[in-house]
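In the UniProt record's numbering, the protein residues as written are 2 to 333.
Just so you know, even glycine gets a beta-carbon here, dropped at the ideal spot from N, CA and C.
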Amino acid sequence: GEKILEVKELTKHFDMGKGKMLQAVNEVSFSVHKGETFGLVGESGCGKSTIGRTIMGLYQKTNGNVLFDGVDVHTLTEKGKFSFYRRMQMIFQDPYASLNPRSTVKEIIAEPMEIHNVYTNKHEQLERIYELLKEVGLSRDHVNRYPHEFSGGQRQRIGIARALALNPDFIIADEPISALDVSVQAQVVNLLREIQMQKDLTFLFIAHDLAMVRQFCTRIGVMYLGHMVELTDSDKLYDNPMHPYTQALLSAIPIPDPDIEEKRERIILEGELPSPINPPSGCVFRTRCPMAMDICSETKPAWQEVEQQHYVACHLYTGKHQYDEGKAKVRI
Ligand code: SF4
Ligand code: MG
């Protein structure tokens, strides 16, 4: 497919003062094709939200480029930014925190349309709000109510309606289901999928585990401690995870069939997640990697296409380094 978003060696560090740098995102590259759902997955603190916000221009980049339809979003003028925001919108993890508690549903959804002067006619605007509410499975009777009167799932639907208000091409959904009850998560994912098909939208879908994203995402990038460690098609990632971190994440997802589930071995990651202020040398995963070798502390593994359209950053696949089973900390 045609690339709508290109993230090239994006780096974002935050100056924490006293000479400390938080290395949130380090040389991350991926592109998102028109009409697809690209999943960005990793534990909290891995840098995935920072990537979302840096793409939106909410954070200045430290290095690298973000191109939307070929245009570098960090070089946009105020006017350019204004039209960029019509095309790219964001849905947040906690709809309660992102919706103004003192605004009615009508005011919340109207806000982006008013900022962008979409309607001069209030009646037309209201009709559009009704239409949006219907699209997200809410009723027009909800229009004068306040966020606290709704359930978590309904609030997320209000957030989605607002994100759709300007007819964007691209939506960054930052953990849109993580704060919801499991029973509601699938409903919201199904809604996003329906909307995507109807409106030909492209999604960057940020999630903290791999369980929910398989069906929804066409391709997935796995993040660990500010680095992308693996990227490939959704099915390939599940069938043939290559990076030890991805293998561990997948082994943690329960399989509904108890016979298979019983025989499966879990890969338990030892140790704590290191701080992105003081990341390990070499491979950032090495302090918890069951396959770590001597080279892993010395040299950062290169990001390379190991199989067709399957990118991995790991010394196991460079061909030069033999994994010595005897030395492994944990057997897989
Ligand atoms: Fe593990 Fe080494 Fe691969 Fe890093 S480079 S994931 S430490 S084997
Ligand atoms: Mg986050």
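Within a 10 Å sphere around the beta-carbon of arginine 158 sit 16 or more other beta-carbons, which makes this residue buried. Here isoleucine 221 is bridged, per DSSP, to Gly40 and Thr233.
For methionine 294, the distance from the CB to the nearest heavy atom of ligand 1 is below 7 Å. Isoleucine 268 places its beta carbon less than 8 Å from that of serine 252. Less than 8 Å separates the beta-carbon of isoleucine 5 from that of phenylalanine 171. Relative to the Cα of histidine 143, the nearest Cα in the group Ala25, Phe93, Ser104 and Cys297 belongs to Ser104.
Around the beta carbon of aspartate 182, fewer than 16 other beta carbons sit within 10 angstroms, so the residue counts as exposed. Between the C-alpha atoms of lysine 82 and valine 74 there is a straight-line separation of about 8 Å.
For ligand 1, a non-hydrogen atom lies closer than 7 Å to the CB of proline 245. For the pair leucine 41 and isoleucine 56, the CB atoms are not nearer than the 8 Å cut-off. Counting along the chain, methionine 89 sits inside the beta strand (DSSP E) bounded by residues 89-92. Threonine 76 counts as exposed, since fewer than 16 other C-beta atoms from the protein chains shown sit within 10 angstroms of its C-beta. Looking only at Leu68, Arg54 and Thr219, the smallest Cα-Cα distance to isoleucine 173 is reached by Arg54.
Threonine 78 counts as exposed, since fewer than 16 other C-beta atoms from the protein chains shown sit within 10 angstroms of its C-beta. Taking non-hydrogen atoms of ligand 1 into account, the C-beta of proline 302 is found less than 7 Å away from one of them. Ranking Thr203, Thr319, Leu226 and His228 by CA distance to the CA of phenylalanine 217 puts Thr203 first.
Residues of the same chain with a CB within less than 7 Å of the CB of isoleucine 109, apart from the 5 flanking positions on each side, are Leu100, Asn101, Ile159 and Arg163 in chain order. By the criterion of a C-beta distance shorter than 6 Å, aspartate 234 is surrounded in its chain by Arg220, once the five residues flanking it on both sides are discounted. Taking C-beta atoms as the reference points, phenylalanine 286 and tyrosine 312 fail to come closer than 8 Å. For isoleucine 196, the three-state secondary structure derived from DSSP is helix.
Linking leucine 192 to cysteine 297 through their CA atoms gives a straight-line distance of about 43 Å. Counting only runs of 4 or more residues that sit fully inside the region 226-292, the alpha helix (DSSP H) segments are 235-240, 245-252 and 259-264, in chain order.
By the Cβ test, the region 119-139 is not in contact with the region 57-72, since fewer than three Cβ pairs between them sit closer than 8 Å. In this structure, the C-beta of leucine 317 approaches ligand 1 to less than 7 Å from one of its heavy atoms. The three-state secondary structure of valine 214, taken from DSSP, is coil.
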